[in-house]
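Q: All residue numbers for the sequence shown refer to this note's numbering, where the first residue is 15 and numbers rise by one.
Don't be surprised by glycine CBs; every beta carbon is placed ideally from N, CA and C.
So that we are looking at the same thing, I have put the structure below in C-alpha cells.
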Amino acid sequence: MSDASLDPTAAGQEAQFSDYFALLKPRVMTLVVFTALVGLLAAPDQVHPFVALCAILFIAVGGGASGALNMWWDADIDAVMRRTAKRPIPSGRVTGEEARGLGLALSGFSVMFLGLATNWVAAGLLAFTIFFYVVIYTMWLKRWTPQNIVIGGAAGAFPPMIGWAAATGGVSIESVLMFSLTFLWTPPHFWALALFMRKDYDNAGVPMLTVTHGRPSTRKHVFVYTIILAALALATGFTSAGGPLYLSVAIVLNAMFLKGAWDIWHRDEIMAETDNYAVEKGFFKLSLLYLFLHFGALLAEATIARLGILWGAL
15 MSDASLDPTA AGQEAQFSDY FALLKPRVMT LVVFTALVGL LAAPDQVHPF
65 VALCAILFIA VGGGASGALN MWWDADIDAV MRRTAKRPIP SGRVTGEEAR
115 GLGLALSGFS VMFLGLATNW VAAGLLAFTI FFYVVIYTMW LKRWTPQNIV
165 IGGAAGAFPP MIGWAAATGG VSIESVLMFS LTFLWTPPHF WALALFMRKD
215 YDNAGVPMLT VTHGRPSTRK HVFVYTIILA ALALATGFTS AGGPLYLSVA
265 IVLNAMFLKG AWDIWHRDEI MAETDNYAVE KGFFKLSLLY LFLHFGALLA
315 EATIARLGIL WGAL
C-alpha cells in the first residue's frame, strides 16, 4: 500500500493556489475537456448553451478530482521519477491529506452537480470514471501488471462518452467509437514514452511493459496496437459522427502514425541510443497531435452539420 498519505519529507513550504491547481493535472484536464466537448457537440440532441457549459465544467472538475487522488496515492512513486519529482506532494508544498481531501470533495461535487445539470446517466459514467482511474488503475493495475496502461486507458477514454450522454441521456455506437479511439491510442502513446524513460519506471518499481518484457517486445506492441487503432479511427469516419473531412484527416494522420510505429518496431537499442531515441520521441510528439486532430476533425464535422441544419431552417 502507498505511504502517500504521510506528510512529504520536504514539508514546510507554504502552498500556493497554483500548487492545488497542479494537483488537478491541468494538462490532462485539457484533453478531458476537449474530448468531452466533442462528444457533447457531436451528439444528435442539442442542449442549451448554459447546460453545455455546466456539463463541461463538472466533467473537468471530475477529471481534476481524479488527478488529485492519483497524486495522493502515487506520491511515493512520483518522488523517485524525474518527470514527477517536482509535483506538489513530493516537493513538499502540499500534504497527502490535503490532496486526498480535495480529490474526494471535488469528486462528490462534480458527480452530484453533473447529474442535476444534465442527467444521471452522465453522472453515473463520471462517477465510474473517477472510481476506475483511482481504484482500478492507480491503486491496483499500475503497480501490479504490465497491462496497466492497456486496461487503465479506459479511464481517460470516457469523457467523450460522458459528453454524449450529457446531451442524449444514453450511449450509442458513435460514443463507443470515440471512447475506443482514446482507449486504443493510450498504449502506443505511453509505451513510446516508456521506451526513452525506462529508467524512471525501473527506479519507481512500476511494471511498465519496457521493464517486464523489455524494449523489443514493447516496440512490437506499439506497432500492433497502432494497426488496430488506425482501423478503428478510419471506421469512425463512416458513422454519423464522421464525414469526408474527418476521413481525410484520419487517412493522413494514421498513415503517419503507422509509419512511425513501423520505424520504432524495426529499431534496436544500438540504433536508438545512437540518436538518443529520436524516432521514439518523434512518435510520442506526433501522438499528442494525433488525438487532438482526430477529435478536432469530429468537432468540425459536428459544426458543419449544425450549420447545415441552421441554413436549411432559414
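May I have the straight-line CA-CA distance separating Ser189 from Trp178, to the nearest angstrom?
A: Against the sequence shown, residue 189 aligns to sequence position 175. Against the sequence shown, residue 178 aligns to sequence position 164. Going by the C-alpha atoms only, they are around 6 Å apart.
Q: Quick one: Cα of Gly283 to Cα of Val225, how far?
A: Numbered from 1 along the sequence shown, position 269 holds the residue referred to as residue 283. Numbered from 1 along the sequence shown, position 211 holds the residue referred to as residue 225. According to the sequence shown, residue 283 is Glu rather than Gly. About 14 Å.
Q: Just how far apart, CA to CA, sit Phe271 and Ser301?
A: Counted from its first residue, the sequence shown places residue 271 at position 257. Counted from its first residue, the sequence shown places residue 301 at position 287. Looking at the two C-alpha atoms, the distance is approximately 8 Å.
Q: With H, G and I counted as helix, E and B as strand and the rest as coil, what does DSSP make of Asn268?
A: As a position in the sequence shown, residue 268 is number 254, starting the count at 1. DSSP places Asn268 in helix when its eight states are reduced to three.
Q: Starting from Glu112, trace the alpha helix (DSSP H) both ways and give me its first and last residue.
A: Reading the sequence shown from its first residue, position 98 is the one you call residue 112. From DSSP, the alpha helix (DSSP H) with Glu112 extends over Gly110 to Ala131.
Q: With DSSP run on the structure shown, which of helix, strand or coil describes Phe31?
A: Mapped onto the sequence shown, residue 31 falls at position 17. It is helical.
Q: Evaluate contact between the region 81 to 94 and the region 103 to 120, counting only Cβ atoms and requiring at least three cross-stretch pairs below 8 Å.
A: yes
Q: Given a threshold of 16 other Cβ atoms within 10 Å of its Cβ, counted over all protein chains shown, does Arg233 qualify as buried or as exposed?
A: What you label residue 233 is simply residue 219 of the sequence shown in a count that begins at 1. It is buried - the Cβ of Arg233 has at least 16 other Cβ atoms within 10 Å.
Q: Quick one: Cα of Lys156 to Cα of Leu303, how far?
A: Counting from one through the sequence shown, the residue named residue 156 turns up at place 142. Counting from one through the sequence shown, the residue named residue 303 turns up at place 289. Going from the Cα of Lys156 to the Cα of Leu303 covers about 25 Å.
Q: State the DSSP-derived secondary structure class of Thr159, mapped to helix, strand or coil.
A: Position 145 of the sequence shown, counted from the start, is the residue given in the question as residue 159. Three-state DSSP puts Thr159 in coil, outside helix and strand.
Q: Apart from the five residues on each side of it in sequence, which residues of its chain come closer than 6 Å, Cβ to Cβ, to Tyr147?
A: Against the sequence shown, residue 147 aligns to sequence position 133. Here the set comprises Ser80 and Ala169.
Q: Rounded to whole angstroms, what is the Cα-Cα separation between Asp17 and Leu139?
A: Here residue 17 refers to the residue found at position 3 when the sequence shown is read from its first residue. Here residue 139 refers to the residue found at position 125 when the sequence shown is read from its first residue. Since pLDDT at Asp17 reaches only 44, below the 50 mark, its modelled position is unreliable, and the value read off the structure follows with that caveat. Cα to Cα, Asp17 sits roughly 29 Å from Leu139.
Q: Out of Leu307, Ala119, Leu209 and Met222, which one is the CA nearest neighbour of Val293?
A: Start at 1 with the first residue of the sequence shown, and residue 293 comes out as number 279. For Val293, the nearest C-alpha among the options comes from Leu209.
Q: What is the rounded straight-line gap between the Cα of Asn268 and the Cα of His235?
A: If you number the sequence shown from 1, residue 268 lands on position 254. If you number the sequence shown from 1, residue 235 lands on position 221. The straight-line gap from Cα to Cα measures roughly 16 Å.
Q: Residues in its own chain within less than 7 Å of Ile187 by CB, not counting five upstream and five downstream?
A: Indexing the sequence shown from 1 puts residue 187 at position 173. Closer than 7 Å at the Cβ level, and outside the excluded window around Ile187, lie Thr253.
Q: Between Gly251, Ala180, Thr182 and Phe204, which has its C-alpha nearest Met192's C-alpha?
A: Against the sequence shown, residue 192 aligns to sequence position 178. Selected option, being the one with the closest Cα: Gly251.
Q: Examine the Cβ distances between the region 43 to 50 and the region 63 to 80 and report whether three or more of them are shorter than 8 Å.
A: yes
Q: So, at 7 Å on beta carbons, what are the nonlocal neighbours of Met153 in its own chain, with the 5 sequence-adjacent residues on each side left out?
A: On the sequence shown, residue 153 is found 139 positions in, with the first residue counted as 1. For Met153, where only same-chain residues beyond five positions count, the Cβ hits under 7 Å are Trp87.
Q: Just curious, the alpha helix (DSSP H) that Gly184 is in, first and last residue?
A: Locating residue 184 in the sequence shown gives position 170, counting from the first residue. Segment: none, Gly184 is in no alpha helix (DSSP H) and carries neither H nor E.
Q: Does the distance from the C-beta atom of Ala29 to that of Arg101 stay below 8 Å?
A: On the sequence shown, position 15 is the one that residue 29 refers to. On the sequence shown, position 87 is the one that residue 101 refers to. No.
Q: Reducing DSSP to helix, strand and coil, say where Pro22 ends up.
A: As a working mapping, residue 22 is identified with position 8 in the sequence shown. Residue placement at Pro22 is poorly supported in this model, since its pLDDT is 41, which falls under 50; the coordinates still yield a value, given next. Pro22: coil per DSSP, three-state reduction.
Q: Just the Cα atoms here: how many angstroms apart are Gly228 and Val94?
A: Within the sequence shown, the letter at position 214 stands for residue 228. Within the sequence shown, the letter at position 80 stands for residue 94. Roughly 21 Å separates the two Cα atoms.
Q: Assuming Leu38 and Ala82 are in contact, meaning their beta carbons sit under 8 Å apart, how far apart are those beta carbons, in whole angstroms?
A: As a first step, residue 38 is located in the sequence shown; it is residue number 24 there, counting from the start. As a first step, residue 82 is located in the sequence shown; it is residue number 68 there, counting from the start. Right, the Cβ-Cβ distance comes to about 6 Å (below 8 Å), so this counts as a contact.
Q: With a threshold of 7 Å on Cβ separation, who are the neighbours of Val135 within its own chain once the five nearest residues in sequence on each side are excluded?
A: Taking the first residue of the sequence shown as position 1, residue 135 is located at position 121. Hits under 7 Å: Ala179, Gly183 and Gly184.
Q: Along the alpha helix (DSSP H) that carries Lys39, what are the first and last residues, could you check?
A: Residue mapping note: residue 39 aligns to position 25 of the sequence shown, counting from 1. From DSSP, Lys39 is part of no alpha helix (DSSP H); its letter is neither H nor E.
Q: Applying the 10 Å Cβ sphere with the 16-neighbour rule, what's the burial state of Leu312?
A: Within the sequence shown, numbered from 1, the residue matching residue 312 stands at position 298. Flag for Leu312 reads buried.
Q: Can you give me the start and stop residues for the alpha helix (DSSP H) that Gly77 sits inside?
A: The residue you call residue 77 lines up with position 63 of the sequence shown. Pro63 to Trp87 is the extent of the alpha helix (DSSP H) around Gly77.
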